[in-house]
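Asks: full-length UniProt numbering puts the last residue of the sequence shown at 523; the count rises by one with no breaks.
Beta carbons are placed, not taken as given, at the ideal position from N, Cα and C, and that holds for glycine.
This is the structure I have questions about; it appears just below.
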Amino acid sequence: MSGVESKETSGSLPSTLKDLSIACPQKTAVIFKHERWTYLELEQRVCVLRAWLIEAGIERGDRVAMMSAPRPEFYIMFLATISVGAIWVGINPKYSAEEISHVTSLSRPKLVLEVSDGERPGRLELALSKDSALPKRVRLHASDSASANLERLKPAHPPVADDSEGFAASGSDPALIVFTSGTTGKPKGALISHHGLAAGAKIQTAHFAVSDPKIICNLPINHVGCVADICATTLVGGGTLVFQEAFDPILMLETIEQEKLTIIGGVPTMLHALLEQKAFRSTDLSSVELVLWGGAAMSQRAVGQFSARGARLKAAYGMTETSCHVCFTPDDASEAQLAETIGTPIDEIELRIAAPETDAPLSQGEVGELQVRGPTNFIGYFEDERSTKGAFSADGFLKTGDLGFLRADGLVEICGRSKNMFKSGGYNVYPREVELAIETHPDILEAVVIGIPDPKFQEVGAAFIRLKNGAELAPDALKDFLGTRMANYKIPKSFVPLSEFPLLPIGKVDKGALAEMLECDTV
């Protein structure tokens, strides 16, 4: 990826914040509970934290990790980290100690910050104890205000107002690592550059086409949807971020009305939850200009319910490795098109549907792999040249692993995934990772996980297990076992014991036959 080689990255998020603090210093940038910060206050806080990071010895290329719910502290730390040229790493508080350990051992952060709510204590300590080179660690408290927490992170010497020492990155340098799983099931660290992050935010701002972006940020901070789609895009649009520590449909509806939000965004599971609330019909949505979803398809019935409220609707498509949405449905899309398609690619990127084996472009109506080439594509996987090479075609297209086709109406429809990954509530779930965790149970010989349709989460996991002779295992006990090893959205919703797995002629497990067993209720 090309970038601007300068001390201060032209068009970077830190420079955008600096410009906004001058152009609209009194505009509200951040809302969190009873706290409100203007763009001037936000920029000042980032400057203070940048100076603190420099005093702590953080330099260009170092990694800074943070485990927190979506709160302003994360946003400030993210902006301060990338402004010194360091690389930001988000950690989901729902991760198990094993998952945290994988992220920290691979990324090797020099500094780890935690905003703790006291739930599931000791996971970070346990994870870091496995690392021979322990990073510096700072713990903050979720019960405190964001302002109070940031007061604990002040440098010994106040930053100079016009000091630009912190802007040490070029556009091609990595700004953050987002961990995403591959076919092996082990999470890989996708590197997103300053240029890719800023370019994606500018593209999305243009496509959102909202006069004054005002949106809730309640997605996990290790998710590209939180960092890029919501935070970076809202910053570039000069909008307002309303932080909420978790998704709560009732609170979200109240906030939409009280704060007069202009964008409702999320995965379809979240939007469906809003529709299921009795308060949805009475909530004033007159301020909402755009309802946007990605990560999965939304039912046509749900599309119709939102359409009836008068807002503009858009389905979008993107992934961690594209760093932003690269397809949107057109403004005049029908309800069926909104439910069935991802629209068309943005002008700034090239999208082709190609034969997965040869990367040869396919014709309209032919199912193939979606492949993307453009300025927002990620750099590669952190210290993993083999996986990086495998992610791209010989001519530089990102191989998404998603299967789809070009319809007669010119829109792209997704019809499956080539790597057996499924999405539950908009989150990627990789069967092999779950299978490996299940197989650590002493009473289980083998496990196979598949995704099955679900009316609430689009897809959920179903696990087929082979037990040791004479062993018995209750599903709830197995769920509890997995609850200490992985995030809850990865845990299968059903467990089916089998004496033998059906096999294909070549000796592989016939996952199609397993799915048919569930459909025909023969297990």
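State the Cα-Cα distance for the pair T16 and I31, rounded to the nearest angstrom.
Replies: 19 Å
Asks: Would a C-beta distance cut-off of 7 Å place L13 and P25 closer than the cut-off?
Replies: no
Asks: Taking H325 and G294 to be in contact with their CB atoms under 8 Å, please state how far apart those CB atoms are, rounded to whole angstroms.
Replies: Confirmed, about 6 Å.
Asks: Can you grab the Cα-Cα spacing for the pair N377 / T322, in whole Å?
Replies: 4 Å
Asks: Smallest Cα separation from S105: which of P187, S21, I450, G266?
Replies: P187
Asks: Determine contact between the segment 283 to 294 and the segment 190 to 197, defined as no fewer than three beta-carbon pairs at a distance below 8 Å.
Replies: no
Asks: Who are V509's beta bridge partners in DSSP?
Replies: For V509, which the question treats as bridged, DSSP gives the partners L503.
Asks: Counting pairs of Cβ atoms below 8 Å between the segment 89 to 97 and the segment 251 to 269, do you hit three or more?
Replies: In short, these stretches do not touch, since the Cβ pair count stays below three.
Asks: Helix, strand or coil: how does DSSP classify T233 here?
Replies: helix
Asks: Could you tell me the distance, in whole angstroms, from the CA atom of A474 to the CA atom of L351?
Replies: In a straight line, the C-alpha of A474 is about 47 Å away from that of L351.
Asks: Taking C-alpha atoms, which residue in H34, G512, Q458, M66 lies nearest to L271?
Replies: Of H34, G512, Q458, M66, the residue nearest in Cα terms is Q458.
Asks: For residue 524, does the count of other Cβ atoms within 10 angstroms reach 16, so buried, or fall short, so exposed?
Replies: One cannot answer for residue 524 here, as it falls past the ends of the chain, which runs 1 to 523.
Asks: Got a sec, what are the start and stop residues for the beta strand (DSSP E) G189 sits in?
Replies: 187 to 193
Asks: Do you know offhand how far G512's Cα is from P453's?
Replies: 14 Å
Asks: Does DSSP put E439 in a helix, in a strand, or in coil?
Replies: coil
Asks: Measuring only the C-alpha atoms, how far is I82 from A169?
Replies: Going by the C-alpha atoms only, they are around 8 Å apart.
Asks: Does the segment 196 to 214 touch the segment 39 to 57, meaning 3 or more C-beta pairs lie closer than 8 Å?
Replies: no
Asks: Quick check on this structure: which residue in K18, E276, P213, L370 has the alpha carbon closest to the alpha carbon of residue 525?
Replies: This structure does not reach residue 525, given that the chain is present from 1 up to 523, and the question cannot be answered.
Asks: To the nearest whole angstrom, what separates the beta carbons of R123 and S96, a pair I think is in contact under 8 Å?
Replies: Rounded, the Cβ-Cβ distance is 7 Å, consistent with contact.
Asks: Is it right to say residue 556 is buried, meaning 16 or more other beta carbons lie within 10 angstroms of its own, or is it exposed?
Replies: Here the chain covers residues 1 to 523 and nothing more, so residue 556 does not appear.
Asks: To the nearest angstrom, how far is it from the Cα of E340 to the Cα of A296?
Replies: 10 Å
Asks: Compute the beta-carbon to beta-carbon distance between F78 and V227, rounded to the nearest angstrom, for a pair I have assumed lies under 8 Å.
Replies: 7 Å
Asks: Please classify H223 as buried or exposed, where buried requires at least 16 neighbouring CB atoms within 10 angstroms.
Replies: It is buried - the Cβ of H223 has at least 16 other Cβ atoms within 10 Å.
Asks: With 16 other CB atoms within 10 Å as the buried threshold, where does L503 fall?
Replies: exposed
Asks: Among the residues of its own chain, which have a CB less than 6 Å from the CB of V112, if the five just before and after it don't count?
Replies: A65, P135, R137
Asks: Candidates L219, L128, E259, I177: which alpha carbon is nearest I379's?
Replies: I177
Asks: Mapping the DSSP letters down to three states, classify N420 as helix, strand or coil.
Replies: coil
Asks: Specify, as a first and last residue, the run of the beta strand (DSSP E) that S494 falls within.
Replies: Boundaries of the beta strand (DSSP E) around S494: 494 to 497.
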